[in-house]
Amino acid sequence: MTETIRLTDQPDWSYLLRDSYDLYRRQSAGGSPKIRSHQRAVREGISRVIKANAELRFPEPATKPVVSHLTRALNNGRLERHAPFIRAIEAIQHRLTWQFGYEKVPRGLEKKYAYAELAGPTGPVLTDDVILGLVLFAPSCTYPAHAHDGITESYVCLSGAVSENDQGVYAPGSLIFNPPEHLHRITVGDNNPALLFYAWHGSREKLREQKMVFTRKPR
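Numbering (the working numbering) for the sequence shown: 8 to 226.
1. Using CA coordinates, which residue listed in Arg47, Pro18 and Ser39 is at the minimum distance from leucine 30?
2. Just the C-alpha distance for glycine 140 and alanine 154, rounded to the nearest angstrom, thanks.
3. Assign alanine 1 to one of three DSSP states: helix, strand, or coil.
4. Give me the Cα-Cα distance between serine 91 and alanine 98, rounded to the nearest whole angstrom.
5. Within a Cβ cutoff of 6 Å, which residues of the same chain sit near arginine 226, ignoring the five residues on either side of it in sequence?
6. Please classify proline 18: is it buried, with 16 or more other beta-carbons within 10 angstroms of its beta-carbon, or exposed?
7. In this structure, does DSSP put glutamine 106 in helix, strand or coil?
8. Would you report the Cα separation of tryptophan 207 and serine 166, rounded to the nearest angstrom?
9. Tell me the start and end of each unbroken beta strand (DSSP E) in the region 31-76 that is at least 3 residues and wholly inside, in chain order.
10. Straight-line CA distance for arginine 50 to arginine 32?
11. Which same chain residues, not among the five before or five after tyrosine 150, have their C-beta less than 7 Å away from its C-beta?
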């Protein structure tokens, strides 16, 4: 019988979750009650995972073409105030399973995008309380419009620069907030990749059943 692996058996993953908690504790809400509430919900979810000494299950590590930009993205992130979080990512990066998450990926996007889940119903840290992960974009990437059913989402920009719906530019350290059903499209700066940390909060049913679908443009 395979022995169950817990957070306390893998200190690097425990540190990553604690640093994720700190990231959402120190991040400004910009005076927004909705963002503040989301940040609190994410922290509470992470806290429950840590206190439960959650189980870890590691899928087979997998890469995607965009991961060739990861070293540059991490190096840039080390220059920011969240450098300790970048180092926590570096410690576990060899265990990451990079994926697309869509049955059909738009032409060209397969070379410019991938994500790796850190915690959620499918692991590596198993939980129904919150979904945490990383998304990596190559320079000049356009991530098509999409929305999430019943899921409140936030991104923290770790390196690079992105825009959402052409409404402002988010530099490293910025937080992007997307309430449920909010249609959003992301574009990336021309000169560097962008690495974002994302957190999803919602009911356990929504987190377990969430499907990633791009919104088609009307013909």
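Don't be surprised by glycine CBs; every beta carbon is placed ideally from N, CA and C. In this text, all values refer to a predicted model and were calculated from it rather than measured experimentally.
Once the coordinates are examined:
1. Across the set Arg47, Pro18 and Ser39, the C-alpha of Arg47 shows the shortest separation from the C-alpha of leucine 30.
2. Whole-angstrom Cα-Cα distance: 17 Å.
3. Any property of residue 1 remains undetermined from this structure, which presents the chain solely from 8 to 226.
4. Note that residue 91 corresponds to proline in the displayed sequence, not to serine. Taking the straight line from one Cα to the other gives about 11 Å.
5. At arginine 226 the pLDDT is 36, less than 50, meaning the model places this residue with poor confidence and gives no usable figure here.
6. Around the C-beta of proline 18, fewer than 16 other C-beta atoms lie within 10 Å, and the residue is accordingly described as exposed.
7. If DSSP states are grouped into helix, strand and coil, glutamine 106 belongs with the strands.
8. Cα-Cα distance, rounded: 20 Å.
9. Fully enclosed beta strand (DSSP E) runs of no fewer than 3 residues are not present anywhere in the region 31-76.
10. Going by the C-alpha atoms only, they are around 7 Å apart.
11. Cβ-Cβ distances below 7 Å link tyrosine 150 to Tyr120, Phe144, Arg192 and Ile193 in the same chain, with the five nearest sequence neighbours on each side left out; the list follows chain order.
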